[in-house]
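Only one structure is covered here, and it is reproduced in the block below.
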Amino acid sequence: PRAPTPRLRQRLLNPSAGKLPLESIQVVLEELRKNGNLEWLDKNKTSFLIMWKRPEEWGKLIYQWVSKNGLTNSVFTLYELVSGDDTENEEFHGLDEATLLRALQALQQEHKAEIITLDDGRGVKFF
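Just so you know, we're using the UniProt record's numbering here: the sequence shown kicks off at 1 and counts up by one.
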(Lines of atoms letter the chains of each structure in order from A and count residues from 1; the text may use other names and numbers.)
(Lines give C-alpha, C1' and ligand atoms only; values in the text may rest on other atoms or scores of the structure.)
Protein backbone atom coordinates (compact mmCIF):
# COMPACT_ATOMS: atom_id res chain seq x y z
CA PRO A 1 0.00 0.00 0.00
CA ARG A 2 1.16 3.46 -0.82
CA ALA A 3 1.39 6.28 1.67
CA PRO A 4 -1.25 9.02 1.37
CA THR A 5 -0.34 11.81 -1.03
CA PRO A 6 0.87 15.04 0.58
CA ARG A 7 -2.42 16.73 -0.35
CA LEU A 8 -4.55 13.99 1.23
CA ARG A 9 -2.32 14.00 4.31
CA GLN A 10 -2.71 17.77 4.56
CA ARG A 11 -6.49 17.54 4.26
CA LEU A 12 -6.67 14.78 6.88
CA LEU A 13 -4.43 16.57 9.36
CA ASN A 14 -5.15 20.25 8.73
CA PRO A 15 -8.79 21.26 9.22
CA SER A 16 -8.14 24.73 7.81
CA ALA A 17 -7.23 23.15 4.46
CA GLY A 18 -10.76 21.79 4.16
CA LYS A 19 -12.36 18.73 5.65
CA LEU A 20 -12.87 15.42 3.98
CA PRO A 21 -16.39 14.10 4.36
CA LEU A 22 -16.66 11.54 7.16
CA GLU A 23 -17.59 8.85 4.63
CA SER A 24 -14.33 9.45 2.72
CA ILE A 25 -12.28 9.19 5.89
CA GLN A 26 -14.07 5.94 6.76
CA VAL A 27 -13.27 4.53 3.30
CA VAL A 28 -9.56 5.37 3.73
CA LEU A 29 -9.44 3.85 7.22
CA GLU A 30 -11.28 0.71 6.12
CA GLU A 31 -8.86 0.25 3.21
CA LEU A 32 -5.92 0.55 5.60
CA ARG A 33 -7.57 -2.02 7.90
CA LYS A 34 -8.19 -4.45 5.03
CA ASN A 35 -4.51 -4.19 4.06
CA GLY A 36 -3.46 -4.91 7.65
CA ASN A 37 -2.02 -1.45 8.27
CA LEU A 38 -4.69 -0.26 10.71
CA GLU A 39 -5.94 -1.78 13.91
CA TRP A 40 -8.93 -0.40 15.80
CA LEU A 41 -8.12 0.11 19.48
CA ASP A 42 -11.74 0.35 20.66
CA LYS A 43 -15.13 -1.12 19.75
CA ASN A 44 -16.59 2.28 18.81
CA LYS A 45 -13.88 2.76 16.17
CA THR A 46 -12.81 6.14 17.51
CA SER A 47 -9.19 5.23 18.21
CA PHE A 48 -6.81 3.36 15.93
CA LEU A 49 -3.21 2.43 15.32
CA ILE A 50 -1.75 2.92 11.84
CA MET A 51 1.25 0.72 11.13
CA TRP A 52 3.90 1.45 8.51
CA LYS A 53 4.40 -2.28 8.04
CA ARG A 54 1.99 -5.07 8.91
CA PRO A 55 3.03 -7.25 11.88
CA GLU A 56 3.61 -10.15 9.45
CA GLU A 57 6.06 -8.00 7.47
CA TRP A 58 8.01 -7.05 10.62
CA GLY A 59 7.99 -10.71 11.66
CA LYS A 60 9.38 -11.73 8.30
CA LEU A 61 12.23 -9.21 8.59
CA ILE A 62 13.06 -10.38 12.11
CA TYR A 63 12.98 -14.04 11.12
CA GLN A 64 15.16 -13.39 8.07
CA TRP A 65 17.76 -11.83 10.38
CA VAL A 66 17.52 -14.80 12.78
CA SER A 67 17.93 -17.31 9.93
CA LYS A 68 20.67 -15.35 8.16
CA ASN A 69 22.73 -15.28 11.36
CA GLY A 70 22.14 -18.93 12.28
CA LEU A 71 20.22 -17.99 15.42
CA THR A 72 17.31 -20.41 15.24
CA ASN A 73 16.89 -22.29 18.54
CA SER A 74 18.13 -19.16 20.32
CA VAL A 75 16.40 -17.12 23.01
CA PHE A 76 16.39 -13.32 23.01
CA THR A 77 14.94 -10.72 25.33
CA LEU A 78 12.68 -8.23 23.58
CA TYR A 79 15.24 -5.57 24.47
CA GLU A 80 18.04 -7.46 22.71
CA LEU A 81 16.00 -7.72 19.53
CA VAL A 82 15.17 -4.05 19.15
CA SER A 83 17.94 -2.34 21.11
CA GLY A 84 20.90 -4.72 21.06
CA ASP A 85 24.17 -4.08 19.27
CA ASP A 86 23.62 -7.10 17.01
CA THR A 87 20.50 -5.58 15.41
CA GLU A 88 21.81 -2.02 15.13
CA ASN A 89 21.80 -2.05 11.31
CA GLU A 90 18.47 -3.85 10.96
CA GLU A 91 15.25 -2.14 9.92
CA PHE A 92 13.46 -3.46 13.02
CA HIS A 93 16.05 -1.93 15.41
CA GLY A 94 14.22 0.59 17.61
CA LEU A 95 10.78 -0.90 16.95
CA ASP A 96 8.30 -0.14 19.73
CA GLU A 97 7.36 -3.01 22.03
CA ALA A 98 3.70 -3.17 21.00
CA THR A 99 4.61 -3.56 17.31
CA LEU A 100 7.36 -6.04 18.17
CA LEU A 101 4.90 -8.18 20.12
CA ARG A 102 2.46 -8.15 17.21
CA ALA A 103 5.28 -9.25 14.88
CA LEU A 104 6.35 -12.03 17.24
CA GLN A 105 2.73 -13.17 17.65
CA ALA A 106 2.55 -13.47 13.86
CA LEU A 107 5.72 -15.62 13.91
CA GLN A 108 4.28 -17.67 16.77
CA GLN A 109 1.20 -18.43 14.66
CA GLU A 110 3.55 -19.71 11.94
CA HIS A 111 5.36 -21.89 14.54
CA LYS A 112 8.60 -20.00 13.94
CA ALA A 113 8.81 -18.47 17.41
CA GLU A 114 7.43 -18.67 20.93
CA ILE A 115 7.01 -15.68 23.21
CA ILE A 116 8.24 -16.65 26.67
CA THR A 117 8.46 -15.12 30.14
CA LEU A 118 11.93 -14.58 31.51
CA ASP A 119 13.04 -13.50 34.99
CA ASP A 120 13.65 -9.97 33.77
CA GLY A 121 10.72 -9.64 31.37
CA ARG A 122 9.60 -11.21 28.15
CA GLY A 123 11.63 -12.95 25.53
CA VAL A 124 11.29 -15.04 22.42
CA LYS A 125 12.65 -18.36 21.24
CA PHE A 126 13.02 -18.88 17.51
CA PHE A 127 12.63 -22.24 15.80
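Glycine included, C-beta positions come from ideal geometry on N, C-alpha and C.
Using C-beta distances below 8 Å, list every residue in its chain close to residue i, excluding the 5 sequence neighbours before and after it, in chain order.
i     : result
TYR63 : LEU107, LYS112, ALA113 and PHE126
SER74 : VAL66, LYS125 and PHE126
GLY94 : VAL82 and SER83
LYS47 : Checking the displayed sequence, the identity of residue 47 turns out to be Ser instead of Lys. So the list reads TRP40 and LEU41, once near-sequence residues are dropped.
PRO55 : GLY36, THR99, ARG102, ALA103, GLN105 and ALA106
Taking the beta strand (DSSP E) that residue i falls in, what are its first and last residues?
i      : result
ARG122 : 121 to 126
LEU32  : Note, LEU32: premise wrong, no beta strand (DSSP E); alpha helix (DSSP H) at 22 to 34.
TRP40  : 38 to 40
PHE48  : 48 to 50
Identify every residue that forms a DSSP beta bridge with residue i.
i      : result
THR117 : ARG122
VAL75  : LYS125
Note the first and the last residue of the continuous alpha helix (DSSP H) segment covering residue i.
i     : result
LEU78 : 78 to 83
GLU57 : 55 to 68
GLU97 : 97 to 109
Report all residues from its chain with a CB closer than 7 Å to the CB of residue i; omit the five preceding and five following residues, and keep chain order.
i      : result
GLY123 : VAL75, PHE76, THR77, LEU78 and ILE116
Ordered along the chain, which non-local residues of its own chain (more than five positions away) have a Cβ less than 6 Å from that of residue i?
i      : result
LEU32  : LEU38
ASP119 : none
Stretch-stretch touch, CB-based, cutoff 8 Å, three pairs: the segment 59 to 73 with the segment 84 to 94:
At 8 Å Cβ cutoff, the stretches touch.
Using a Cβ distance threshold of 8 Å, determine whether the segment 72 to 79 contacts the segment 33 to 51, with at least three qualifying pairs required.
no
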